Amino acid sequence: EVQLLESGGGLVQPGGSLRLSCAASGFTFSSYAMSWVRQAPGKGLEWVSDISGSGGSTYYADSVKGRFTISRDNSKNTLYLQMNSLRAEDTAVYYCAKVPNRYCSGGSCYFDYWGQGILVTVSS
Amino acid sequence: DIQMTQSPSSLSASVGDRVTITCRASQSISNYLNWYQQRPGKAPKVLIYAASSLQSGVPSRFSGSGSGTDFTLIISSLQPEDFATYYCQQSYSIPWTFGQGTKVEIK
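Protein sequences appear in the order of chains S and P. Numbering-wise, my numbering puts 68 at position 68 of the first sequence, and it's gapless, one number per residue. Residues are numbered in my numbering as their position in the second sequence, beginning at 1, plus a constant of 124.
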């Protein structure tokens with residue numbers, strides 16, 4: 001059974017940093033791309049970033065480019081999102097999600113499994 | 125960026141009703157369109173990928189169609205567990221974008 005478990009969320013002041021983790025199990029982690037998708041309170045879904053199975057390719061939404069860094073440790077079956085220079089508008093539930101292919105591209109970028117989500121609140 | 129527009133934004137329906145939700149892309153996206161269901165307080169769940177392929181384990185009352193810019197999600201006979209918000213998502217080009225959601229409520 002595929003399981004994705006996020007951790008590392010919480011309350012942080014504007015300009016601060018936070019690192020989210022997503023522990024994966026139930027599948028060969030290194031064979032699949034992974035993504036982060038967020039949802040602001042009461043709002044819709046927004047794709048944030050994704051990373052290929054090897055970790056060699058990464059992509060970001062313009063809203064987080066230069067501030068967030070996605071990475072993975074395939075030996076630990078764990079996905080990360082380092083979030084720096086946080087803003088109030090980054091407040092959201094962050095979901096990690098599995099992509100059913102090694103790369104998120106060419107029509108194959110949908111999300112077939114999701115974690116339960118972790119809340120990040122940016123406020124003073 | 126490709127804009128995804130869903131209609132309606134919300135609808136009220138009864139158990140057993142046939143429900144249709146549409147999604148329009150701001151440019152052609154071939155069949156690179158996916159549908160998700162999100163129940164309150166839960167993570168989204170994929171229902172349909174590549175416009176019309178049913179994800180494993182999803183009931184056959186869900187179906188998808190369309191190509192180019194116009195797509196449709198149909199629930200053939202609404203069940204109590206189907207009351208949720210539905211999102212479309214394009215996987216044609218980065219940034220992957222979602223529609224604003226369609227909330228299906230109980231009439």
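Even for Gly, the Cβ is constructed at its ideal location relative to N, Cα and C. These numbers were taken from a predicted model, which means no experiment stands behind them.
Limits of the unbroken beta strand (DSSP E) element including P:D206: On the second sequence, residue 206 of chain P is found 82 positions in, with the first residue counted as 1. Note, P:D206: premise wrong, no beta strand (DSSP E); not H, not E.
Nearest-angstrom Cα separation, counted from P:G181 out to P:T209: Here residue 209 of chain P is taken as the residue at index 85 of the second sequence, counted from 1. Here residue 181 of chain P is taken as the residue at index 57 of the second sequence, counted from 1. For P:T209 and P:G181, the distance between alpha carbons rounds to 19 Å.
Range covered by the beta strand (DSSP E) that runs through P:T226: Along the second sequence, one-based indexing puts residue 226 of chain P at 102. Residues 226-230.
P:F195 beta carbon less than 8 Å from that of P:S189: Working through the second sequence from its first residue, we reach residue 189 of chain P at position 65. Working through the second sequence from its first residue, we reach residue 195 of chain P at position 71. Yes.
Neighbour list for P:A174 in chain S, Cβ cutoff strictly below 7 Å: Along the second sequence, read from residue 1 onward, the residue named residue 174 of chain P stands at position 50. G107, listed in chain order.
Local conformation of S:D50 per DSSP, three classes: By 1-based counting over the first sequence, the position of residue 50 of chain S is 50. It is a strand residue.
Where S:D112 sits in the DSSP three-state scheme: Start at 1 with the first residue of the first sequence, and residue 112 of chain S comes out as number 112. DSSP places S:D112 in coil when its eight states are reduced to three.
Beta carbon proximity, P:V228 to chain S, threshold 8 Å: Reading the second sequence from its first residue, position 104 is the one you call residue 228 of chain P. It does not: the Cβ of P:V228 has no partner Cβ on chain S nearer than 8 Å.
The beta strand (DSSP E) enclosing S:A92, as first and last residue numbers: Counting from one through the first sequence, the residue named residue 92 of chain S turns up at place 92. Start and end: 92-98.
Contact with chain S by P:G225, beta-carbon distance below 8 Å: For the purposes of this step, residue 225 of chain P is identified with residue 101 of the second sequence, where counting begins at 1. At least one chain S Cβ lies under 8 Å of P:G225.
P:V139: CB within 7 Å of a non-hydrogen atom of the ligand ZN: For the structure depicted, the ligand ZN is absent and the ligand set is empty, with no information on it obtainable.
Residue-chain proximity (S:D112, chain P), Cβ-Cβ < 8 Å: Indexing the first sequence from 1 puts residue 112 of chain S at position 112. Chain P contact via Cβ: present.
Under 7 Å by beta carbon: chain P residues contacting S:Y59: As a first step, residue 59 of chain S must be located in the first sequence, where it is residue number 59. Neighbours of S:Y59 on chain P, chain order: I218.
Interface positions of the region 142-161 of chain P facing chain S (Cβ-Cβ less than 8 Å), listed along the chain: S154, N155, Y156, N158, Y160
CB of P:L171 within 8 Å of CB of P:W159, strictly: Locating residue 171 of chain P in the second sequence gives position 47, counting from the first residue. Locating residue 159 of chain P in the second sequence gives position 35, counting from the first residue. Yes; because the gap between Cβ atoms is below 8 Å, this pair is in contact.
Interface flag, S:W36 vs chain P, CB-CB below 8 Å: Working through the first sequence from its first residue, we reach residue 36 of chain S at position 36. No, no contact with chain P.
Residues of its chain near S:Y95, where Cβ-Cβ distance is below 6 Å and the 5 sequence neighbours each way are ignored: As a first step, residue 95 of chain S must be located in the first sequence, where it is residue number 95. Around S:Y95: V37, W114, G115, G117.
Three-way DSSP call (helix, strand, coil) for P:F186 in this model: Position 62 of the second sequence, counted from the start, is the residue given in the question as residue 186 of chain P. P:F186 falls in the strand class under three-state DSSP.
Boundaries (first-last residue) of the beta strand (DSSP E) holding S:C104: Within the first sequence, numbered from 1, the residue matching residue 104 of chain S stands at position 104. No beta strand (DSSP E) holds S:C104; DSSP gives it neither H nor E.
N- and C-terminal bounds of the beta strand (DSSP E) containing S:E6: Looking up residue 6 of chain S in the first sequence gives position 6. S:E6 -> beta strand (DSSP E) spans 3-7.
S:F196 - DSSP class collapsed to helix/strand/coil: No statement about residue 196 of chain S is possible, as the shown extent of chain S runs from 1 to 124 and does not include it.
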